[in-house]
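Working notes for the structure below.
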Amino acid sequence: MIETSDRHVNSDEGPFLYFFCALIIAAAYALWWHWITAFPLQISSDDALNFSRAVSRFSVLEFRPHFPGYPAFVGLSRLCAIFVENSIAPIWVSLLSALLLPLLVSYLVLLLCHSKIAATGALLLTLIQPLLASMALSGLSDASAMVFFLLALIVFFKKRYLCVGLALALMLSTRPSYLPLSISLFVSAYFNCLSGSKWRTYLQMSVFIVLIGVISLLFIIAHDGLAYFDEGMRFTLGHFLIWGNTAQGEHNSLLQWFITLRENFGLLGICALLLVLPYSFYKGYKVFKTQQTHVDVGALCARQSALIALLATLNWAWISLAQNPDNVRHFGPILCLGIVLICTQIQQVNKYLTVFKWQINLGMTMALCLMLYVVQWVYPSYQKTVKLAPIQQAMLWLKKHPESKVLGSNYSVNLLRASMPGFSVYDMYYPSSTWALKKESEDSAQRVWQLSATKSMQQRWIAQFPPRFMGERHLFLYQISQ
């Protein structure tokens, strides 16, 4: 006999539960830190190389770093360089930022549903994501910008709009491509401000954005002058029309994004996100229709969850249209917001299923099934024994096989040139490089290598360099001729 019933049991209280959750969090962080520190802190992309060079000298025109400059991230890297080497300072910033992300996701869940168990579950779900490790070791600004964004969201729900503006300003100065998230939060302020002057709210949010924005722009112009704007035009056109949306696959951007997400999160993971977003909208809409000035805790949670769903949906639309599907790290904000929504909605499931004489909590059952699915999905990433990034593996292999000093690559060209000065490295993005590489193979009796992130069906690869976790590209080395 199977029956369902509604019951609310407030068991999420007491010092023992607080101690138990804190113990789990500490143990999880200790294990994760032990695992992540087994990987060497090395530059793994051209963008990371640009950031490391910006620590010693800033110039967008010299790609120190690339456009639009990321002044706040460079500032954090220079601050970190006081304690570590300049070359790996940006990696330390991204690593420490990644450490904060699960805590902020957890606190956001606690703020919404006031459940320590749900908050702990959200932290664990975020911490075990391979994408978090990828962002931690990337040396890029994604994790740091996400920290500022989550801080902005937390103080936004606390209605401290001056602090919201400060966090958003630092987020935009760290990663300007998060502008859609900032705009979405501005739009959400209209619905979050149930009482008081909306003009005052927007004014408070704008003060620090304008102030830090002007300071950042003056800092960049002081180094590069007005030529910075010419570089901005060149970079923007290139990003949207040439290299920025050139994915590895042959499909359009939307389909390629679906394929990428399915490969990295599974079909069930995508379905969970696609279900929780409209469900959160629906619950928030029911509360919003009441137009109440004061709402209870459950209604407030529904309203705030709807705003988070709005942010996630708008950002998902933005990256689907304007970001390269090969860079899974762009999905980071949506992943964190999705975890917040899933954990919050599951915690509010108070139905009990009676099977014969056993009573089963549906919410706890759903949470357990979710955790088991995520664990079995990410477990292969933790089984890998590769410790070096794919490009570092490739450079190590090439140095061990010095019979050829000619290499063509469409990936990390500047890093290859900087790390292997004895090699002639051709950028395969340019058609002239293809011609020059072919001429090298004809004029020389030596082998000529080509490094690519695409597995060719016409050529047999000589060596392959697998990714350590999600967000890194699988590289293949081909021999053009002998």
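Residue numbers (the numbering used here): 84 to 565. Glycine included, each C-beta is placed from N, C-alpha and C at the ideal position. Small disclaimer: the values here were computed from a predicted structure and weren't measured.
C-beta contact flag for residue i and residue j at 8 Å
i      : j      : result
SER403 : SER336 : yes
PRO245 : GLN287 : In the sequence as presented, Pro is not what sits at residue 245; that position holds Leu. A contact, by the Cβ cut-off of 8 Å.
PHE156 : SER265 : no
SER127 : SER221 : yes
GLY554 : MET229 : no
LYS34  : ALA389 : Limits of the chain in this structure are 84 at one end and 565 at the other, which puts residue 34 out of reach.
TYR395 : GLY421 : Just to set this straight, residue 395 is Ala in the shown sequence, not Tyr. It is a contact, given that the beta carbons lie within the stated cut-off.
VAL489 : TRP532 : yes
GLY349 : TRP460 : yes
LEU445 : VAL432 : yes
ARG258 : TYR153 : yes
ALA226 : ILE295 : no
PHE150 : PHE312 : no
GLN387 : PHE166 : no
SER271 : LEU393 : yes
TRP544 : LEU520 : no
SER299 : SER256 : yes
Member of the options whose CA lies at the smallest distance from the CA of residue i
i      : options                           : result
LEU208 : VAL230, LYS199, VAL423 and PHE302 : VAL423
GLY158 : ILE303, ILE443 and ILE108         : ILE303
PRO549 : GLN562, TRP480 and GLY321         : TRP480
ALA202 : ALA450, PRO123, ALA137 and ASN133 : ALA450
ALA216 : SER198, TRP116 and PRO151         : TRP116
LYS467 : ILE342, ALA172, ALA252 and ALA121 : ALA121
SER198 : VAL247, GLN428 and LEU390         : GLN428
TYR285 : LEU249, ALA305 and GLY308         : LEU249
TRP399 : LYS488, TYR261 and ALA252         : TYR261
GLN476 : ARG556, TRP401 and PHE414         : ARG556
ILE391 : VAL359, GLU525, TRP282 and GLY446 : VAL359
ILE417 : TYR153, LEU214 and ALA113         : LEU214
ASP129 : LEU114, TYR112, ARG147 and TRP118 : ARG147
THR448 : GLN430, SER464, VAL458 and TYR465 : GLN430
LEU499 : TRP518, ALA252, PRO473 and PHE102 : PRO473
HIS484 : ALA519, GLN562 and ILE211         : GLN562
PHE552 : LEU560, ASN347 and THR517         : ASN347
TYR112 : ASN169, ALA181 and GLU168         : ALA181
SER495 : MET478, ALA105 and ALA305         : MET478
LYS482 : PHE506, PHE232 and ALA105         : PHE506
TYR101 : GLU168, ALA546 and ILE200         : ILE200
SER267 : HIS306, LEU236 and LYS369         : LEU236
ARG136 : SER464, GLU486, ALA105 and GLU168 : GLU168
Nearest-angstrom Cβ-Cβ length linking residue i and residue j, presumed shorter than 8 Å
i      : j      : result
VAL426 : GLY204 : A small correction: the amino acid at residue 426 is Cys; Val does not occupy that position in the sequence shown. Correct: roughly 5 Å between the Cβ atoms.
GLY491 : TYR462 : That pair is no contact at about 37 Å.
TYR512 : ASN497 : 12 Å between Cβ atoms; not a contact.
ILE171 : LEU124 : 5 Å
VAL138 : PRO185 : So it is not a contact: roughly 27 Å between Cβ atoms.
LEU351 : TYR273 : No, LEU351 and TYR273 are not in contact; Cβ-Cβ is about 35 Å, not under 8 Å.
PRO263 : LEU397 : 6 Å
Outcome for residue i when other beta-carbon atoms lying within 10 angstroms are tallied against a minimum of 16
i      : result
THR329 : Model confidence at THR329 stands at a pLDDT of 49, short of 50, so the residue's coordinates are unreliable and nothing is read from them.
GLU523 : buried
CYS163 : buried
MET254 : buried
ARG345 : exposed
HIS413 : buried
CYS196 : buried
CYS419 : buried
VAL297 : exposed
GLN542 : exposed
MET316 : exposed
VAL188 : buried
LEU280 : Looking at the sequence shown, residue 280 is not Leu but Ser. Classification for SER280: exposed.
SER515 : exposed
ALA109 : exposed
ARG283 : exposed
PHE134 : buried
SER535 : buried
LEU558 : buried
TRP340 : buried
LEU385 : In the sequence as presented, Leu is not what sits at residue 385; that position holds Ala. Label assigned to ALA385: buried.
TRP518 : exposed
LEU320 : exposed
PHE232 : buried
LEU357 : exposed
Cβ-heavy atom distance, residue i to the ligand MG, below 7 Å
i      : result
LEU309 : Ligands are entirely absent from the displayed structure, and the ligand MG is therefore not among its contents.
is_contact[residue i, chain B] using C-beta, thresh 8 Å
i      : result
CYS354 : Protein chains in the displayed structure number just one, and chain B is not present.
For this session: Indicate whether the contact test is met: 3 or more Cβ pairs, each with one atom in the segment 135 to 146 and one in the segment 185 to 192, closer than 8 Å.
Result: no
Exercise. Would the segment 160 to 180 and the segment 403 to 412 be scored as touching if the rule is three or more Cβ pairs under 8 Å?
Worked result: no
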